[in-house]
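4 protein chains.
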Amino acid sequence: MAVRVGVLGATGAVGQRLIELLDPHPDFEIAALTASDSSAGKQYRDVAKWRVDSPIPEDVAGMTVSATDPDEVSDDVDLIFSSLPSSVGAAVEPDFCEQGYVVSSNSSNARMADDVPLVIPEVNGDHLDLLEVQRDERGWDGALVKNPNCSTITFVPTLAALAEYGLETVHVATIQAVSGAGYDGVSSMEIIDNVIPYIGGEEEKLETESRKLLGSFDGASLELDDVEVGASCNRVPTIDGHLENIFVETTEDISPEEAAEAMRAYPSLSLRSSPDQLIEVFDAPDRPQPRLDRHVGNGMAIAAGGIRESTFGLQYNCLAHNTIRGAAGASVLNGELLLENGYL
Amino acid sequence: MAVRVGVLGATGAVGQRLIELLDPHPDFEIAALTASDSSAGKQYRDVAKWRVDSPIPEDVAGMTVSATDPDEVSDDVDLIFSSLPSSVGAAVEPDFCEQGYVVSSNSSNARMADDVPLVIPEVNGDHLDLLEVQRDERGWDGALVKNPNCSTITFVPTLAALAEYGLETVHVATIQAVSGAGYDGVSSMEIIDNVIPYIGGEEEKLETESRKLLGSFDGASLELDDVEVGASCNRVPTIDGHLENIFVETTEDISPEEAAEAMRAYPSLSLRSSPDQLIEVFDAPDRPQPRLDRHVGNGMAIAAGGIRESTFGLQYNCLAHNTIRGAAGASVLNGELLLENGYL
Amino acid sequence: MAVRVGVLGATGAVGQRLIELLDPHPDFEIAALTASDSSAGKQYRDVAKWRVDSPIPEDVAGMTVSATDPDEVSDDVDLIFSSLPSSVGAAVEPDFCEQGYVVSSNSSNARMADDVPLVIPEVNGDHLDLLEVQRDERGWDGALVKNPNCSTITFVPTLAALAEYGLETVHVATIQAVSGAGYDGVSSMEIIDNVIPYIGGEEEKLETESRKLLGSFDGASLELDDVEVGASCNRVPTIDGHLENIFVETTEDISPEEAAEAMRAYPSLSLRSSPDQLIEVFDAPDRPQPRLDRHVGNGMAIAAGGIRESTFGLQYNCLAHNTIRGAAGASVLNGELLLENGYL
Amino acid sequence: MAVRVGVLGATGAVGQRLIELLDPHPDFEIAALTASDSSAGKQYRDVAKWRVDSPIPEDVAGMTVSATDPDEVSDDVDLIFSSLPSSVGAAVEPDFCEQGYVVSSNSSNARMADDVPLVIPEVNGDHLDLLEVQRDERGWDGALVKNPNCSTITFVPTLAALAEYGLETVHVATIQAVSGAGYDGVSSMEIIDNVIPYIGGEEEKLETESRKLLGSFDGASLELDDVEVGASCNRVPTIDGHLENIFVETTEDISPEEAAEAMRAYPSLSLRSSPDQLIEVFDAPDRPQPRLDRHVGNGMAIAAGGIRESTFGLQYNCLAHNTIRGAAGASVLNGELLLENGYL
């Protein structure tokens, strides 16, 4: 029997991707959609400016949108996916958790909180049990789990694959797609024939979230990894797919061949949305490229390539679909992990 | 009286920019244009697919193009600007030098040769006197001076400005415009809604040319600087303007304010094409941007911004117009330096 | 002595262009800037997200912005340029006129009103005297003159040039730049790798405004021209420059050569912002193109080309810079005409 | 048992799409691939710069490419798909037909020849029997059938749907994607932030091919339809999907509702690649759009929308995926029709 799920912020770019992924999902059934107060009480088709390139699912199109408030969502919803602006998320997610909802959230608020698991299932699924600590401390019946920022998700799996060589420093330059900023986030006048070398708060997210994801959880508390990460972030005129240039120094020497092998061997999971191969490594030096490779593993895999010796150690490029693996798909995957681990 | 100049490779993207800059130049007079054999004997307007957004100069339009061969160029030409494909440049530039022509070349061949000065006038104008060594060794009446690659020119002036703090390591990720690859270099099907994280040979150019430019010349030989540079290069759908993300570690600590001050204080020259301010530093964190800022200093200045503390030291972004300061303008500036220093 | 001018809606995309054109203007002096209430009382540099690629003029940057209300604008301002959203324009422009201000407006409200001159000086400058009728009817000391929509301005001068052959029908398909929708008008997610074949209300503007511009004014009332115009409008990912495909049927046969000659011979004016040549006709069949040709006549000329026999009559393409000739420059030109004709 | 097929020009953009469509096709089996002489004898994976966003099929990747010459293609190949440059097609297609091969060609040569069927199966499948005339006249054992130009295919089905109202005149402005020009057809420097209002020979193709497709075949000869078509063609920076603005005048009045109904009711076929619904009509006035709608019917349907009264009659927009329905898919569909009608 399918778990009844709700989507907070259902009309936004990530909300639309969530609906696209959840509608055909065998384990989940969309039972509630919320948006801003001005949309509440209206049909989804009338308030969502649907822009995913598959058509809006018929059954969802006719659903009535409610306000983003736990009192407006039916009690028989068991799992909430949240893709709210972070200020809204910070305000309402705790209310949902208090009222017993389990929340898998893509919003950036609370990601670095001590008792909030920040999870990429294939990388640190064991951190999920930080929820026990969270429930103890906060007295919640519900629970709050986060997935990281889209640009963080893109490179952390490759670092996890190289971790056995001893990660010391990572320099990362991101080249990010406009969809990462939401539907109206980047105006066309800003970005056509242009690059914006700044995304507010993004660099810090890569630098801190990566250390939490690679950190260790001993059942009681979570310690950040020691790796030092420095990031520089850029927006370019691509629709989907964040590409990243990585320079990594490790304690043990690692050849490009060893790095490729470690990435290819890094295990995926058997969750429904996990790709068969988590990291697809390309041999052609000019791949991966956003338009050609963002759909590897149905948008849930990481593409890597251009692995070569650098002046300093190793360098390579990686890519992920920012609104699938980097956002909506990441939340769904965390929902699947919650289900598998008995939190629902 | 104006120096009579010739342009090798006059029909290409950089050749067109050379003509745009040389036509109104008070010290230079265009007296010869060369292109491939198939264009020889025809009028320039009929063989150049003119794509600069100012109109083709009338007097140049009617000039007859000759083959790229010193025997086809009039003896009363004193200075040659070369923007040939590197394999062609390697084959014919020495012939021109042997026959007494002074060549200011943008072509990538021979840039790292021991006796060929690689010059950004504001950074290492003193290296020009390596020409004495060159003439001694090669027995040339002419001379060959090179400007660096467009992506090298973009960041080296900023490093020169910071050199007093002791440069140790530089990580650079470039985000380059399509014009850097020439008129037909990047097909639209490759780059619309896409990024190509690979430009053949480009990374090595940044890594080696920068050390030559920052190196020291003692009158007899040139020693590369010790700075370690690692580069990662990307092509994006912008027309003009290479943007670069820089991470730099120095022996002495340097604050963002000190870095900005050092860049602003770095002197320009009084050559005709030198900008008043060599490095324009922006305070807004999201600048410089290619479309908005590539024309600073008429395309001859370097724009810098986003200067901030990094996890490792300092980080910032810089930008230059790749076909003006990064190519045609760089060659013209070297021509002006040759003139000022009595080599013509 | 310069006329003191004010700009309503000074922070928008057209407002910025107005400032760029007015700041160096010898006959006008910027004396007042207005914007929405939330910006009132603040310095212009702090409320305008300046995106023109020349720097913000220093003296304008420090000006204090006032609310868009005639009581907030100094009495010694003689001429108002308005680039307000049409609903705001409809509400406040009459107030300014009533209080004695002469308003040259780019806003779309009231363009088709019987007593409001809609003027392209080179095409129907004589319509300006409709202001006498306007003042009589409305009892205004001030006056309201409009320039047409950016896509209307692009093709009407070419029709005016062909009018002697007897215009019967015109089919026009527009291919419009994103700047026509204002700074935030078109999101990048909507338009990258895409075309939007719809611009609300735009087609009607081309169809009706063109007939008013080509109409005749007998000193008392204005009669629309009989030409039948059908339009189809599209938005594409270009920054500036509206390109239009025109099919025109005339009562008298007209050859492509005659059409080119008629366009080239169509007179410009000697107003300060008028281009020397109003319509630049290209012989190359693939011109004009937005990026290459939008700056003809400093953005104030119309570019035409591709003139050829059609299945039905004549066809050709035309292009104008939509935020210069099509908006800010059009308003400034109307301001110059008001000055020349003694309305200031 | 599958028909063994060959692909002429297999490395180009359309050739790659043909392989993508033919590889999983239940009725066809790829048995031969040809390309230019310089590629002959090499493995397909080494000579095709594969740019379709699904991976290159493994079995095809290892096939040896042969020269484009009937003597180099195995006799047991029954059906040839051709996507050659038209000059090459004109030279070699007749050789293949003479040697008994049935050729379904996308190349533009010979499309208007009296005895060559130009076919869109859903529109004029009955024209296929012109092959009897062809074989009689030319003495071929093989046969040559053509599909129209990509921009012709896009609008002709909508005209066919409206034909019962009596087509008189059609004005069409096309807004075409870069893939229509082939992999290297449009350089990025030409098209970023730009529109090119010219595609050599394209307008004539729309004007003549449409009349042949809508013409009538009486079993002996083919008569062109009387409709007058005038076209204006433009290239814009989209990857795939040709959008067209149509103005149509009919002898009988037709309302937008009737036009939508006629398009929706226009029958598809039961060929394997036919879409269920041939013409998908959108109600939203801003659809269809290339990026959102080019995949309707797996790229084999026509999308239409924006149907409204025009100054002159009716106007609307239509869209098709130019390398699927407009090229490779069109050829495959003609192959399926040849199979169904017993020509193989």
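Protein chains in written order, with the numbering used here: chain A, 201 to 544; chain B, 201 to 544; chain C, 201 to 544; chain D, 201 to 544. Note that CB positions come from ideal geometry on N, CA and C, so glycine has one too. These numbers were taken from a predicted model, which means no experiment stands behind them.
Quick one: grab the DSSP three-state call for residue i.
i: V345(B); result: strand
i: L469(D); result: coil
i: E229(C); result: strand
i: A420(B); result: coil
i: L352(C); result: Rather than Leu, the amino acid found at residue 352(C) in this sequence is Thr. Correct three-state label for T352(C): helix.
i: T451(C); result: coil
i: P475(A); result: coil
i: S254(B); result: coil
i: G441(C); result: coil
i: N541(B); result: coil
i: V214(B); result: helix
i: D145(B); result: Chain B is shown from 201 up to 544; residue 145(B) falls before or after that span and cannot be answered.
i: A248(D); result: coil
i: L413(B); result: helix
i: G526(B); result: helix
i: V427(D); result: coil
i: G209(D); result: coil
Which partner residues of residue i appear in the DSSP bridge assignment?
i: Y516(C); result: I446(C)
i: S432(D); result: A373(D)
i: E458(A); result: According to DSSP, E458(A) bridges with nothing at all.
i: E220(B); result: DSSP lists no partner for E220(B).
i: R204(D); result: E229(D)
i: A235(A); result: A267(A)
i: Q243(C); result: T264(C)
Buried or exposed, going by whether 16 or more other CB atoms sit within 10 Å of the CB of residue i?
i: A459(A); result: buried
i: K249(A); result: exposed
i: E423(D); result: exposed
i: A360(A); result: buried
i: E536(A); result: buried
i: G529(C); result: buried
i: D278(D); result: buried
i: D393(C); result: buried
i: D440(A); result: buried
i: A420(C); result: exposed
i: P321(D); result: buried
i: S510(C); result: buried
i: E332(A); result: exposed
i: S473(D); result: buried
To test your reading of the DSSP string, which unbroken beta strand (DSSP E) runs of 3 or more residues are found completely within the stretch 361-411 of chain B? Listed in chain order, the complete beta strand (DSSP E) runs (minimum 3 residues) inside the stretch 361-411 of chain B are 367-376.
Mind pulling the beta strand (DSSP E) runs of 3 or more residues that sit fully within the stretch 268-342 of chain C? 279-282 and 302-305, all fully within the stretch 268-342 of chain C.
Is it true that the stretch 519-536 of chain D meets the stretch 495-509 of chain D, where meeting means three or more beta-carbon pairs spaced less than 8 Å apart? The stretch 519-536 of chain D and the stretch 495-509 of chain D touch, with no fewer than 3 CB-CB distances between them shorter than 8 Å.
Whole runs of the alpha helix (DSSP H) within the stretch 480-524 of chain C, excluding any shorter than 4 residues: Listed in chain order, they are 490-493.
Given 8 Å, three or more beta-carbon pairs between the stretch 442-456 of chain B and the stretch 508-518 of chain B: Between the stretch 442-456 of chain B and the stretch 508-518 of chain B, the count of Cβ pairs shorter than 8 Å is three or higher; the stretches touch.
Within 8 Å, do at least three Cβ pairs link the stretch 234-249 of chain C to the stretch 487-494 of chain C? Contact between the stretch 487-494 of chain C and the stretch 234-249 of chain C is absent, with fewer than three C-beta pairs closer than 8 Å.
Touch test, the stretch 418-433 of chain C against the stretch 357-373 of chain C, Cβ-Cβ under 8 Å, three pairs minimum: The count of Cβ pairs closer than 8 Å, one atom from the stretch 418-433 of chain C and one from the stretch 357-373 of chain C, reaches three, so the stretches are in contact.
Would you say the stretch 270-283 of chain D touches the stretch 203-221 of chain D, given that touching needs at least three Cβ pairs under 8 Å? Using a Cβ-Cβ distance cut-off of 8 Å, the stretch 270-283 of chain D and the stretch 203-221 of chain D are in contact, since at least three pairs of beta carbons, one from each stretch, lie closer than that value.
Mind the definition here: the stretch 292-311 of chain C touches the stretch 335-352 of chain C only if three or more C-beta pairs lie below 8 Å; say whether that holds. Yes, the stretch 292-311 of chain C is in contact with the stretch 335-352 of chain C.
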